[in-house]
């Protein structure tokens, strides 16, 4: 509460944030729109720092979705992952309440991309500034851990890319890059909101750039009583990043994050379990050393991620994920670029039951790997990419992964691309050793072979794309049966065919309507793997001098949702509409912006649920003000 | 003034979401020797044991449809079983663990915003509940 009070006081102090960046943003957006006119290669797919390019996207033949940080910050969705699910038809994310996804039984926030992911939520890899981010024992990310204020943009690689990112990048990779200030000065943002169910959301962030030093810091606090018994929870996330730029050729950086979340599994509405609490502490540190000399760029990233999870039933775990990545890039010419790297990752943990005083033995896992990717542009509009990775797996021995892709720009407005990749996931320590509900130390790694072909049409007004994809996997790890006779085994093979599309019309008299959809045939493995999903809505923006009004209405419809495989236990279709309205007011002559906003969720007050028995809240609202200095 | 109006409208709207939740009270009228506990209905749970004729406090539940789920303990059957067991053995009396069985109402009740519902549990109106989730997790 003390932190809340301080942040609130700071939030009501006159000042201005995002819009001291507003002028620079305006310039960069003008530049980017100018660039867009010249062709279809989106200018926003890379970020630029002074004299040194940092690429968020290393393979332009992969099918991706980019979500800008501003979109994440302004979204009416309750979490970053839910925002991502509104940005592409083939990304499906579960939810259970007004914000916290939680951990352990009853948790949500699982990302499904083209038939993979979700449960176990370890087939989609989250990468923050080049560092894989997941819980060591259970292998899943913590969906509540991310602060939109410090995210520059998010890139979702659909279909995965284990060649560049290693284990867990089976069905997709979500890459987040830290937001830095682009010119000297300092911005402070404060965002305070409150609403239904005694929900309080507050964050304060700072971006600073002084000479060769950059710093980004944020503190985010969230509390809610939830829409029903057991849905209450709180989280506190603090993050600090700093960067030292030595001329145009060298960057040293460091990033740290600490978070605490606590809440409960409310259980199905028919049989609530409000006392099933969890308490999670996690911390991570990473460093970056980047050097660029002529055609050569090298990055070294050591990292450490550890956490403590406690549950109501006496469960306590401490997990550690540590490793290092050394990657070099040789740009021999405009046509030829080679990325080579090596990495090693160590995953370890400790599990005990504090009530029964039982201890479960866990063997740590070490995975060294070598990888390489070659990009060749025989013509200015053509790009071919191929790559491979060798992982020395403890159970399988050497594992070879590969990928290939081709993209071609036609008539300046069309882009065709296709790609195939063989991806990989190690069984988690939980699946191997922990009886929740059952373990199997003989499990083999999972493999996927994903293919897609995409056609995209981009002009100043239209952004239209369509993708046909095939996801095939073998050795998938699945749980069958129920306690105490459950089993976890590798299953033979799994194939998904699907088609995904998007139409977005940009800024016609301030209106930007969009619709995107995905339809897939997932065969027998229908558990939380919906047949179809459609997202649609409209953005409206109107400028009044320096001030601006933004209204967004978005809807999501999900069809063919089952709670079990083999099309058993079907659920009602999901449909809901969210809306938001924001007015950004710039105090003239002063670098201060004040942005009151109102977020309206589930406008039609529909009853729906992503997970059986976990009914989502009815109509609820959140009102706040964002102040920037 | 306009700001105050806007703020108060927001607060009313915000608070309204929770205040308008349907209120539900459950009464145990099953039988004089039957106790019920762990009573739940559409998102709310009462941590209480109800003797015959007792009622829960009003609970704010989600709108929608559900049956009332509860655990039932038949005191007469327990005493009867205990006496039979103690007759059959000459050793010192052992206290038998009371068994609470999962039950639910036969009827599904629908509740909506602003409504007040008094749900009465009766002997004829209950059945065994096999929908209880399994005990595993993590």
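Chains as they are written, first to last, in our numbering: chain P, 1 to 629; chain H, 630 to 767.
Even for Gly, the Cβ is constructed at its ideal location relative to N, Cα and C.
Asked, Found
"Run the CB neighbour count on residue 297/P, radius 10 Å, all protein chains shown included, and call it buried at 16 or more, exposed below.", "buried"
"If you reduce the DSSP assignment to three classes, tell me which class residue 268/P lands in.", "coil"
"Assuming residue 117/P and residue 124/P are in contact, meaning their beta carbons sit under 8 Å apart, how far apart are those beta carbons, in whole angstroms?", "4 Å"
"Does DSSP classify residue 602/P as helix, strand or coil?", "coil"
"Could you check what DSSP says for residue 197/P in three-state terms: helix, strand or coil?", "helix"
"Between which two residues does the beta strand (DSSP E) containing residue 702/H stretch?", "698-703"
"Rounded to whole angstroms, what is the Cα-Cα separation between residue 754/H and residue 725/H?", "28 Å"
"Taking only the alpha-carbon atoms, compute the straight-line gap between residue 557/P and residue 517/P and give it to the nearest angstrom.", "9 Å"
"Which residues share a DSSP beta bridge with residue 637/P?", "Within the shown structure, residues of chain P are numbered from 1 to 629, placing residue 637/P beyond reach of any answer."
"When you compare only the Cα positions, how much space is there between residue 535/P and residue 74/P?", "17 Å"
"Do we get a CB-CB distance below 8 Å when we pair residue 618/P with the residues of chain H?", "yes"
"For the stretch 693-709 of chain H, which residues have a beta carbon sitting closer than 7 Å to at least one beta carbon of chain P?", "693, 695 and 698"
"Along the stretch 268-284 of chain P, where does the CB come closer than 7 Å to a CB of chain H? Name the residues.", "268, 269, 270, 271, 272 and 274"
"Taking 8 Å as the cut-off, decide whether the C-beta atoms of residue 445/P and residue 396/P are in contact.", "yes"
"Would you mind telling me which residues of chain H sit closer than 7 Å to residue 615/P, beta carbon to beta carbon, in chain order?", "672, 691 and 693"
"Could you give the residue range of the alpha helix (DSSP H) that holds residue 84/P?", "80-85"
"From the DSSP secondary-structure annotation, give me the bridge partner or partners of residue 227/P.", "In the DSSP output, where bridge partners are listed per residue, residue 227/P has none listed."
"Where do the ends of the alpha helix (DSSP H) carrying residue 71/P lie?", "69-74"
"Answer with buried or exposed for residue 241/P, where buried requires no fewer than 16 other C-beta atoms within 10 angstroms of its C-beta.", "buried"
"If we cut at 8 Å on Cβ distances, does residue 607/P have a partner in chain H?", "yes"
"Return the bridge partner residues of residue 595/P from the DSSP annotation.", "626/P"
"Based on Cα-Cα distance, which residue from 288/P, 384/P, 311/P and 442/P lies nearest to residue 394/P?", "442/P"
"Sort out for me which residues DSSP pairs residue 359/P with in a bridge.", "352/P"
"From this set, 546/P, 603/P, 572/P and 529/P, which residue's C-alpha is nearest residue 553/P's C-alpha?", "603/P"
"Going residue by residue through the stretch 411-489 of chain P, where are the continuous beta strand (DSSP E) segments of at least 3 residues, counting only ones entirely within it?", "414-425, 446-458 and 462-480"
"Consult DSSP for residue 630/P and reduce its assignment to one of helix, strand or coil.", "Outside the displayed span of chain P (1 to 629) sits residue 630/P, for which this structure offers no information."
"Of the residues 64/P, 148/P and 184/P, which one's Cα is nearest the Cα of residue 178/P?", "148/P"
"Mind checking who residue 281/P pairs with in its DSSP beta bridge?", "260/P and 308/P"
"May I ask you to list the residues that DSSP assigns as paired with residue 739/H?", "694/H"
"Would you kindly check if the distance between the Cβ of residue 615/P and the Cβ of residue 269/P is under 8 Å?", "yes"
"Please classify residue 165/P: does DSSP put it in a helix, a strand, or coil?", "helix"
"Can you look up residue 143/P in the DSSP assignment and give me helix, strand or coil?", "helix"
"Buried or exposed: where does residue 140/P fall if 16 or more other Cβ atoms within 10 Å of its Cβ makes it buried?", "buried"
"Taking all protein chains shown into account, do 16 or more other C-beta atoms lie within 10 angstroms of the C-beta of residue 136/P, making it buried, or fewer, making it exposed?", "buried"
"Hey, out of 697/H, 728/H, 701/H and 702/H, whose CA is closest to residue 735/H's CA?", "697/H"
"Indicate the three-state DSSP secondary structure (helix, strand or coil) for residue 710/H in the structure shown.", "helix"
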